[in-house]
Amino acid sequence: MHMLCANKLGAFGLLVFDAMGEALGELSPSAASLLLTLSYRPGLTVTELAAVAGIAQPTAVRVLDGLVKRGLAERGEKIGRTAPLALTNTGRAEAERLQAARLGVLDGLLGALPDDQRAAFEAALDTILAGATTSRSFARTTCRLCDHELCDGPLCPIGTRATEIERNGNADRT
6 MHMLCANKLG AFGLLVFDAM GEALGELSPS AASLLLTLSY RPGLTVTELA
56 AVAGIAQPTA VRVLDGLVKR GLAERGEKIG RTAPLALTNT GRAEAERLQA
106 ARLGVLDGLL GALPDDQRAA FEAALDTILA GATTSRSFAR TTCRLCDHEL
156 CDGPLCPIGT RATEIERNGN ADRT
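Going letter by letter, the sequence shown gives residues 6 to 179 in my numbering.
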């Protein structure tokens, strides 16, 4: 029976993947990751963004170049060999649109659940997400598309678990 549940989870994962692709519109998953990360953490460097997005630094440079060409992001003044990055006004508007579209399609998937089942599903998600969390860098990468204003502090099972890991001295500090 566990394999049946695992198989259904895989099908659900594809539903989520397809819904997310719809929400991204013309943006690649990497571009969306950089855009949303900069919306919550302006001033990061391209190397820091690459680590959060889980992509190679040269790939992040190319993706960022595309965001800059589209007028969505800009590089600040260089400090040594790096430059802090930020979104333009157009980029902030696109990040807001993207986040609203993302949450809209995901909420649509949850619409089939009555309130009691939705609460149970959320509790199960919290357990699964906390159980999968291994470090702060895992948390940053996993939550790269999240709305951090919705899921913050004790509401975030991934961030909460990462903090527990750090307190227990098993931190990666990245």
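Backbone N, C-alpha and C define an ideal beta-carbon position, used for all residues, glycine too.
In angstroms, rounded to a whole number, what distance separates the CA positions of residue i and residue j?
i, j, result
"residue 20", "residue 56", "26 Å"
"residue 93", "residue 74", "11 Å"
"residue 103", "residue 95", "12 Å"
"residue 65", "residue 51", "6 Å"
"residue 89", "residue 168", "26 Å"
"residue 115", "residue 53", "33 Å"
"residue 208", "residue 26", "The structure shown does not extend to residue 208, since the chain is modelled only from 6 to 179, so the question has no answer here."
"residue 147", "residue 61", "16 Å"
Take the Cβ of residue i as the centre, count every other Cβ of all protein chains shown within 10 Å, and call the residue buried at 16 or more, exposed below.
i, result
"residue 81", "exposed"
"residue 10", "exposed"
"residue 31", "exposed"
"residue 98", "exposed"
"residue 37", "buried"
"residue 144", "buried"
"residue 123", "exposed"
"residue 141", "buried"
Are residue i and residue j touching if we call contact CB-CB under 8 Å?
i, j, result
"residue 163", "residue 138", "yes"
"residue 135", "residue 166", "yes"
"residue 40", "residue 100", "yes"
"residue 35", "residue 58", "yes"
"residue 24", "residue 111", "yes"
Can you name, in chain order, every residue of its own chain whose Cβ lies under 6 Å from the Cβ of residue i, other than the five neighbours on each side?
i, result
"residue 107", "28"
I'd like the list of long-range same chain contacts for residue i, defined as Cβ closer than 8 Å, with 5 residues on each side in sequence excluded.
i, result
"residue 78", "39, 40, 43, 69, 72, 90, 91, 92, 93 and 96"
"residue 126", "115 and 118"
So, at 7 Å on beta carbons, what are the nonlocal neighbours of residue i in its own chain, with the 5 sequence-adjacent residues on each side left out?
i, result
"residue 152", "104 and 108"
Is the region 129-142 touching the region 62-81 in the sense that three or more CB pairs, one from each, lie closer than 8 Å?
Between the region 62-81 and the region 129-142 there are fewer than three inter-stretch CB-CB distances shorter than 8 Å, so the stretches are not counted as touching.
Cβ pair count under 8 Å reaching 3, the region 42-51 against the region 8-27
The region 42-51, when compared against the region 8-27, does not touch it at the 8 Å Cβ threshold.
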